[in-house]
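Enquirer: In the working numbering, each residue's number is its place in the sequence shown (first place is 1) plus 255.
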Amino acid sequence: MEALAALLYLAAVTSTVRLAAGVLVIPQRNPVLLAKQLTSLDVLSDGRLIVGVGVGHIEAELAALGVPMSERGRRTEDGLARILELWTSPQTGGDSAVDHAVVQFPTPVQEPHPPIVVGGHSPAALARAVRIGDGWFGWLTSPDQTLQLVQQLEDLAEPVPRPAMLGPLEITVAAPGVVTVDVVEADALIGVNRLVVGPDTSDGSEPDRFIEAFQRDVLTHVASDS
Numbered sequence: 256m257e258a259l260a261a262l263l264y265l266a267a268v269t270s271t272v273r274l275a276a277g278v279l280v281i282p283q284r285n286p287v288l289l290a291k292q293l294t295s296l297d298v299l300s301d302g303r304l305i306v307g308v309g310v311g312h313i314e315a316e317l318a319a320l321g322v323p324m325s326e327r328g329r330r331t332e333d334g335l336a337r338i339l340e341l342w343t344s345p346q347t348g349g350d351s352a353v354d355h356a357v358v359q360f361p362t363p364v365q366e367p368h369p370p371i372v373v374g375g376h377s378p379a380a381l382a383r384a385v386r387i388g389d390g391w392f393g394w395l396t397s398p399d400q401t402l403q404l405v406q407q408l409e410d411l412a413e414p415v416p417r418p419a420m421l422g423p424l425e426i427t428v429a430a431p432g433v434v435t436v437d438v439v440e441a442d443a444l445i446g447v448n449r450l451v452v453g454p455d456t457s458d459g460s461e462p463d464r465f466i467e468a469f470q471r472d473v474l475t476h477v478a479s480d481s
């Protein structure tokens, strides 16, 4: 499904859960329009939006939208800078894509803006997370892989400037395969703040069965140990 459409639906049928996509591919989207769409989601959900961002990795998909693989990083940096400018400045001037001043109204409910979680495992993505992200998102990483990536993030803390206003970098990981109590506990020891889980529907598995099994086999045990 298209991420923003799905999140808008979820915003309408929920009231407390946080809303996020892992991740929005920034080079595929117009940053001015995306800033307005994300602002609308944050306002309509009463400040529940988390903005997951990435450069994308599917070459055919990027090519279909006119984005060369070699330009992903630059377009992501430029797009995020434009979005943040629209969110935090009353008015921003034009550039090659927009030849007039743009006013963002309303502004997001969350101040100064919704949290930005940067996805990716490359050195450039990790540095981007440290530099501008409220959090980092690891995609389908085992606890061992997560540990290595978190150590790389920590090693970047000194050479990569990070604004004090961002605070500690939150760690979110999408778990691969079947999640067990051991996986949850291992990720917690590493410092993972949020673990994303879900069913593998490619084999016809039903989400309801996954939820029941996860509640029974994992959540009950984790809750009893806390």
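Positions of the beta carbon are idealized from the N, C-alpha and C atoms, including for glycine. A quick note: this is a predicted structure, and the numbers were derived from the prediction, not measured.
Pull up the distance between the alpha-carbon of Val-308 and that of Thr-475, whole angstroms please.
Expert: Your numbering for residue 308 matches position 53 in the sequence shown. Your numbering for residue 475 matches position 220 in the sequence shown. Going from the Cα of Val-308 to the Cα of Thr-475 covers about 32 Å.
Enquirer: Taking the straight line between their C-alpha atoms, what separation do you get for Val-364 and Ile-371?
Expert: One-based indexing of the sequence shown puts residue 364 at position 109. One-based indexing of the sequence shown puts residue 371 at position 116. Straight-line Cα distance between these residues: approximately 14 Å.
Enquirer: Taking 8 Å as the threshold (beta carbon to beta carbon), is Ala-382 in contact with chain C?
Expert: Note that chain C does not occur in the displayed structure, where there is just one protein chain.
Enquirer: Enumerate in chain order the residues of its own chain whose CB-to-CB distance from Leu-450 is below 7 Å, with the five nearest sequence positions on each side excluded.
Expert: Position 195 of the sequence shown holds residue 450. The answer, listed in chain order, is Val-428, Ala-430, Val-439 and Asp-442.
Enquirer: According to DSSP, is Ile-387 helix, strand or coil?
Expert: Position 132 of the sequence shown holds residue 387. In this structure, Ile-387 counts as helix in the three-state DSSP scheme.
Enquirer: Leaving aside the five residues before and after Pro-462 along the sequence, list all residues of the same chain whose C-beta is less than 6 Å from its C-beta, in chain order.
Expert: Start at 1 with the first residue of the sequence shown, and residue 462 comes out as number 207. For Pro-462, where only same-chain residues beyond five positions count, the Cβ hits under 6 Å are Pro-454.
Enquirer: Can you give me the start and stop residues for the alpha helix (DSSP H) that Val-447 sits inside?
Expert: The count along the sequence shown starts at 1 and reaches residue 447 at position 192. No alpha helix (DSSP H) contains Val-447, which DSSP labels as neither H nor E.
Enquirer: How long is the line joining the alpha carbons of Gln-470 and Asp-437, rounded to whole angstroms?
Expert: The residue labelled residue 470 in the question sits at position 215 within the sequence shown. The residue labelled residue 437 in the question sits at position 182 within the sequence shown. Taking the straight line from one Cα to the other gives about 15 Å.
Enquirer: Where does Asp-463 fall in DSSP's three states?
Expert: If you number the sequence shown from 1, residue 463 lands on position 208. DSSP places Asp-463 in helix when its eight states are reduced to three.
Enquirer: Have a look at Gly-277, Thr-271 and Ala-266 and flag the residue whose alpha-carbon is nearest the alpha-carbon of Thr-294.
Expert: Here residue 294 refers to the residue found at position 39 when the sequence shown is read from its first residue. Residue Ala-266 is the option with its Cα nearest to Thr-294.
Enquirer: Pop quiz: Leu-424 and Trp-391 are said to be a contact at Cβ under 8 Å. What is the actual Cβ separation, rounded to whole angstroms?
Expert: Within the sequence shown, residue 424 is the residue found at index 169, counting from 1. Within the sequence shown, residue 391 is the residue found at index 136, counting from 1. Indeed they touch by this definition, with Cβ atoms about 6 Å apart.
Enquirer: If I follow the unbroken beta strand (DSSP E) through Glu-425, where does it start and stop?
Expert: Taking the first residue of the sequence shown as 1, we reach residue 425 at position 170. 425–429 is the extent of the beta strand (DSSP E) around Glu-425.
Enquirer: Could you tell me which residues DSSP puts in a beta bridge with Ile-371?
Expert: Position 116 of the sequence shown, counted from the start, is the residue given in the question as residue 371. Beta-bridge analysis with DSSP links Ile-371 to Val-306.
Enquirer: Out of Ala-276, Glu-366 and Val-310, which one is the CA nearest neighbour of Pro-282?
Expert: Indexing the sequence shown from 1 puts residue 282 at position 27. Per the Cα distances, Val-310.
Enquirer: Of the residues Met-256, Gln-400, Leu-320 and Pro-416, which one's Cα is nearest the Cα of Gly-388?
Expert: Stepping through the sequence shown from its first residue, residue 388 is reached at position 133. Nearest option by C-alpha distance: Pro-416.
Enquirer: Considering only the alpha carbon of each residue, which of Pro-418, Val-298 and Glu-326 lies closest to Gln-359?
Expert: Residue mapping note: residue 359 aligns to position 104 of the sequence shown, counting from 1. Looking at the Cα atoms, Val-298 is the closest of the given residues.
Enquirer: May I ask you to report which of helix, strand or coil DSSP gives Ala-380?
Expert: Position 125 of the sequence shown, counting from 1, holds the residue named residue 380. Helix, per DSSP.
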